[in-house]
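S.K.:
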Amino acid sequence: MEALWHGIDNLASWPVLVAILIGSVGGVAIGAVPGIGPAIAIAILLPATVFLDDLVSLVLLLGVYGSSMYGVAIPATLINTPGTPVNALTTYDGYAMTRRGEAARGLSLAYAASFFGGCFSILLGLSALMLFGPYLRDLGALFGQRDIFMAAALGAVLLIAAHRRNMGIAALLFALGMLIAMIGRQSLKQIDRYTFGIDYLYAGFNLIVVIVGIFAISQALFLLTGKDADPPEARLRGGLLRGFGELKKHPLVVTISAGYGTVMGIIPGVGEFVAQFFSYATARALSKAPGKFGRGAPDGLIASEASNNAVPAAAMVPLLALGVPGEALTAMMMVVFFDAGIKPGPDIFENNADFLFSLFIALLIINVLVVLTLLVSTRWIVRIIYVPNRLFSIRNAFTDCMFAAGFGFLGYILRRLDWPLVPIVLGLVLGSIMIDKLTAGSSQIKTVFDLVNRPVSGTLFVVILCVLAFTFVTSLRQRRFEH
Amino acid sequence: MLVPAALWNLYGSVRAYRWRARFQLPNGVAHELTQWARALEFVAWFIAYTMLVPVLGYLVSTLLLGTALPWRLGYRGARWMGICVTASLAIVLVFRTGLQIKPPVNIWLYDQLPQGLSTFMKVWF
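Heads up: the sequence lines are chains A and B, in that order. Going letter by letter, the first sequence gives residues 1 to 483 in the working numbering. Going letter by letter, the second sequence gives residues 1001 to 1125 in the working numbering.
(1) Mind pulling the chain B residues with CB within less than 7 Å of residue 402/A?
(2) Just how far apart, CA to CA, sit residue 1123/B and residue 259/A?
(3) Nearest chain B C-beta to residue 225/A closer than 8 Å, yes or no?
(4) Can you find the residues in the same chain that come closer than 8 Å, C-beta to C-beta, to residue 166/A, ignoring five residues on each side of it along the sequence?
(5) Thinking just about the alpha-carbon of each residue, which of 150/A, 358/A and 177/A is nearest to the one in residue 207/A?
(6) Give the DSSP bridge partners of residue 192/A, in chain order.
(7) If you measure beta-carbon to beta-carbon, which residues of the stretch 201-222 of chain A are closer than 9 Å to chain B?
(8) Three-state secondary structure (DSSP) at residue 102/A?
(9) So, at 7 Å on beta carbons, what are the nonlocal neighbours of residue 231/A in its own chain, with the 5 sequence-adjacent residues on each side left out?
(10) Using the rule of at least 16 other Cβ atoms within 10 Å of the residue's Cβ for burial, across every protein chain shown, is residue 371/A buried or exposed?
(11) When DSSP labels each residue in this structure, what does residue 241/A get in the three-state scheme?
(12) Can you grab the Cα-Cα spacing for the pair residue 65/A / residue 295/A, in whole Å?
(13) So residue 422/A and residue 61/A are in contact, right, with Cβ under 8 Å, and what is the actual spacing, rounded?
(14) Beta-carbon of residue 392/A versus every beta-carbon of chain B: anything under 8 Å?
(15) Which value, in whole angstroms, describes the spacing of the CA atoms of residue 158/A and residue 143/A?
(16) Determine contact between the stretch 362-378 of chain A and the stretch 181-189 of chain A, defined as no fewer than three beta-carbon pairs at a distance below 8 Å.
(17) Distance check for residue 356/A and residue 1059/B, CA to CA, integer angstroms please.
(18) Helix, strand or coil, according to DSSP, for residue 400/A in the structure here?
(19) Using the beta-carbon of each residue, which ones in chain B are nearer than 9 Å to residue 416/A?
(20) Excluding the 5 residues flanking residue 1113/B on each side, which residues of the same chain have their C-beta closer than 8 Å to its C-beta?
(21) Taking the beta carbon of residue 219/A as the centre, do at least 16 other beta carbons fall within 10 Å, making it buried, or is it exposed?
(22) Classify residue 466/A: buried if its beta carbon has 16 or more other beta carbons within 10 angstroms, exposed otherwise.
(23) Between which two residues does the alpha helix (DSSP H) holding residue 145/A run?
(24) Mapping DSSP to helix, strand and coil, what is residue 456/A?
(25) For residue 150/A, is the classification buried or exposed, using 16 other Cβ atoms within 10 angstroms of its Cβ as the cut-off for buried?
(26) Let me check understanding here. Comparing Cα to Cα, which of 285/A, 22/A, 426/A and 109/A lies closest to residue 473/A?
(27) Output yes or no for whether 8 Å exceeds the beta carbon distance between residue 320/A and residue 122/A.
(28) What's the C-alpha gap between residue 70/A and residue 1118/B?
(29) Hey, does residue 967/B have any beta-carbon neighbour from chain A nearer than 8 Å?
(30) At a Cβ threshold of 8 Å, is residue 120/A touching chain B?
(31) I'd like to check one pair, residue 314/A with residue 265/A: are the Cβ atoms closer than 8 Å?
(32) Does chain B have any CB closer than 8 Å to the CB of residue 412/A?
(33) Measure the alpha-carbon distance for residue 441/A versus residue 433/A and round it to whole angstroms.
(34) Would you tell me roughly how many angstroms separate the C-alpha atoms of residue 147/A and residue 132/A, rounded to the nearest one?
(35) Whole angstroms is fine: what's the gap from residue 193/A's alpha carbon to residue 8/A's?
(36) Measuring straight from C-alpha to C-alpha, what distance separates residue 298/A and residue 1109/B?
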């Protein structure tokens, strides 16, 4: 308890409170601009944190990280463009609601689910750190290369299974995403794949180039070539508080989704991408009207938002407990930890317990502050989602813009064909994880059986088989029912 | 693998063709290709903009795109142009001046300006 009070005391200073406020409000605005996202924002802010106090730097970055997860739901819901792949599934039901003229309902549900997911994860993460922190090292040791590969493979299977009416097309596009992920020099074995002697391709495609092209530019092309008589419905009618009331009608979905987000956030390297598909597929399986998923089902939107917002706090757990950053954003935060002379790991509980409490309480304050900001200012924030993206910022490279335009045109064609866009991006993300982990673990894989002979990978493989069997049986039933 | 995939694609195409014919939707290849060509025009606009940035700088290029593209789409007149110029300026101020997003290192137009002004433009616009 003493450490808890010390933690609260650390936060009670003007610079820290101002950093929380700037991080929270700024993160929402950054998240709302498609293609900018928390990764770029934190990368821009990182050099500036050198001049700030340690706790001020961390709460500023945490503010941007945590609040941008709320912000990215705005373009996903209103203009069918997710700010990051993490909330790609929000577009399915959120945008469908917008098209029905229920944009305010979609946004309020997204805020409520995000708030629940965020708080759930923070409180659980805090409890887990207090109770089991020192033992998490053992859990981390259970996850080897093959286990993470299998977890990513499970994510792929769930993604494809979630596209119930378009599973073949989703699988095809996922494979295309994986193919794009293979392009470039394989760092571990120094093999050039599909580079054709072109210098640009040696580094592979930047994920942001693909995301901005496939989602944002293709959407811009779609709007530019469309008729004025059919603009996207983005008018906000009605209050933004009612989502909190509606959330009470879906207690199971929101709790399970927040749980998935928390558990997946803790697993390094897989977390946020897989969590939303686990949650979405589960919500669909639990739903009495699975046919409405992708057409504005509230439980679909809740599943996606609750799970992705549960990830930031959960992702701090392996970083703090094991010193293992789960993804790019926590890796960036690790830089600040090292600058502050704090070494994340099991010893952190003995040496910097008050610092830990400060971080988690700051996250809790950020969640409350962001929801209040959004309830008051959403009608102004929605204006910035129409701001064009700035691709020069990624690698300051003209070629990035060219490829983004190319991916934009590909995305436009897919939109014309009414094919889903998400599998390409997730194929790229999960594909890279699968390829990296498979390559890194290849020395231990002599036969296919070696992939599944570990406790975790074996269990995940059984889950994959169960998902496939379940999908096959339900598809067959659905087909019989339709005929 | 390619043969079954191609056959599956052919089957899907035939079904889509019948479905569109049933609802009397435009079904010709020419119609779809025209839509794609229309999108390519805007891809060209985007590429032209990214080519202009190293020559004219972020400020002038954004102002040009922000006014010329709406003009091309039919949003003409003093009121629309005023809105476009204001919006373009706001974008530059937020992203370049505020967030300091990096444009190309060498900008031809800024290099032609006097030393002090050139440095100012390179830092802020």
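All residues carry an ideal CB built from backbone N, CA and C; glycine is no exception.
M.R.: In terms of the structure at hand:
(1) Position 402 of the first sequence holds residue 402/A. Those within 7 Å of residue 402/A in chain B are 1047.
(2) The residue given as residue 1123/B occupies position 123 in the second sequence. The residue given as residue 259/A occupies position 259 in the first sequence. Roughly 46 Å between the two C-alpha positions.
(3) Counting from one through the first sequence, the residue named residue 225/A turns up at place 225. Judged by the 8 Å Cβ criterion, residue 225/A is in contact with chain B.
(4) Position 166 of the first sequence, counted from the first residue, corresponds to residue 166/A. Closer than 8 Å at the Cβ level, and outside the excluded window around residue 166/A, lie 419 and 420.
(5) Indexing the first sequence from 1 puts residue 207/A at position 207. Here the closest residue by C-alpha is 177/A.
(6) Position 192 of the first sequence, counted from the first residue, corresponds to residue 192/A. Answer is 185/A, bridged to residue 192/A.
(7) 217, 218, 220, 221 and 222
(8) On the first sequence, position 102 is the one that residue 102/A refers to. Residue 102/A: coil per DSSP, three-state reduction.
(9) Residue 231/A sits at position 231 when you count from the first residue of the first sequence. Confidence in residue 231/A is poor, its pLDDT being 41 and thus under 50, which makes the residue's placement unreliable; the coordinate value appears in the next sentence. Excluding residues within five positions, none has a Cβ falling inside 7 Å.
(10) Position 371 of the first sequence, counted from the start, is the residue given in the question as residue 371/A. By the 10 Å Cβ count, residue 371/A comes out buried.
(11) The residue labelled residue 241/A in the question sits at position 241 within the first sequence. It is coil, neither helix nor strand.
(12) As a working note, residue 65/A is residue 65 in the first sequence. As a working note, residue 295/A is residue 295 in the first sequence. So the two alpha carbons sit approximately 29 Å from each other.
(13) Taking the first sequence and counting its residues from 1, one reaches residue 422/A at position 422. Taking the first sequence and counting its residues from 1, one reaches residue 61/A at position 61. Between residue 61/A and residue 422/A the Cβ distance is about 28 Å, and since that is not below 8 Å, they are no contact.
(14) Indexing the first sequence from 1 puts residue 392/A at position 392. Confidence is the limiting factor: at residue 392/A the pLDDT is only 44, short of 50, which leaves the residue's position unreliable, though a coordinate-based value still follows. Judged by the 8 Å Cβ criterion, residue 392/A is in contact with chain B.
(15) The sequence position of residue 158/A within the first sequence is 158, counting from 1. The sequence position of residue 143/A within the first sequence is 143, counting from 1. If I take the Cα positions, the gap works out to 20 Å.
(16) no
(17) One-based indexing of the second sequence puts residue 1059/B at position 59. One-based indexing of the first sequence puts residue 356/A at position 356. So the two alpha carbons sit approximately 44 Å from each other.
(18) By 1-based counting over the first sequence, the position of residue 400/A is 400. Of the three classes helix, strand and coil, the one that applies to residue 400/A here is helix, per DSSP.
(19) For the purposes of this step, residue 416/A is taken as residue 416 along the first sequence, with counting starting at 1. Within 9 Å Cβ-Cβ: 1032, 1035, 1036 and 1039.
(20) Taking the second sequence and counting its residues from 1, the one referred to as residue 1113/B is at position 113. So the qualifying residues of the chain are 1121.
(21) As a working mapping, residue 219/A is identified with position 219 in the first sequence. With 16 or more Cβ atoms within 10 Å of its Cβ, residue 219/A is classed as buried.
(22) Taking the first sequence and counting its residues from 1, the one referred to as residue 466/A is at position 466. Residue 466/A is exposed by the Cβ-count criterion.
(23) Against the first sequence, residue 145/A aligns to sequence position 145. Residue 145/A -> alpha helix (DSSP H) spans 145-162.
(24) Numbered from 1 along the first sequence, position 456 holds the residue referred to as residue 456/A. Helix.
(25) Locating residue 150/A in the first sequence gives position 150, where the first residue counts as 1. The residue in question, residue 150/A, is buried, as its Cβ has 16 or more Cβ neighbours within 10 Å.
(26) Locating residue 473/A in the first sequence gives position 473, where the first residue counts as 1. Checked all of 285/A, 22/A, 426/A and 109/A; the closest Cα to residue 473/A is 285/A.
(27) Here residue 320/A is taken as the residue at index 320 of the first sequence, counted from 1. Here residue 122/A is taken as the residue at index 122 of the first sequence, counted from 1. Contact: no.
(28) As a position in the first sequence, residue 70/A is number 70, starting the count at 1. As a position in the second sequence, residue 1118/B is number 118, starting the count at 1. Each residue's Cα considered, the two are about 40 Å apart.
(29) Chain B is shown only over 1001 to 1125; residue 967/B falls outside these bounds and no answer can be derived.
(30) For the purposes of this step, residue 120/A is taken as residue 120 along the first sequence, with counting starting at 1. So no, residue 120/A is outside the interface.
(31) Working through the first sequence from its first residue, we reach residue 265/A at position 265. Working through the first sequence from its first residue, we reach residue 314/A at position 314. Their beta carbons are under 8 Å apart, which means residue 265/A touches residue 314/A by this criterion.
(32) Along the first sequence, read from residue 1 onward, the residue named residue 412/A stands at position 412. Yes, residue 412/A counts as interfacial toward chain B.
(33) For this step, residue 441/A is matched to residue 441 along the first sequence. For this step, residue 433/A is matched to residue 433 along the first sequence. One C-alpha to the other measures close to 12 Å.
(34) Taking the first sequence and counting its residues from 1, one reaches residue 147/A at position 147. Taking the first sequence and counting its residues from 1, one reaches residue 132/A at position 132. Their Cα atoms are separated by approximately 22 Å.
(35) Here residue 193/A refers to the residue found at position 193 of the first sequence. Here residue 8/A refers to the residue found at position 8 of the first sequence. Cα to Cα, the separation comes out at about 52 Å.
(36) What you label residue 298/A is simply residue 298 of the first sequence in a count that begins at 1. What you label residue 1109/B is simply residue 109 of the second sequence in a count that begins at 1. Taking the straight line from one Cα to the other gives about 52 Å.
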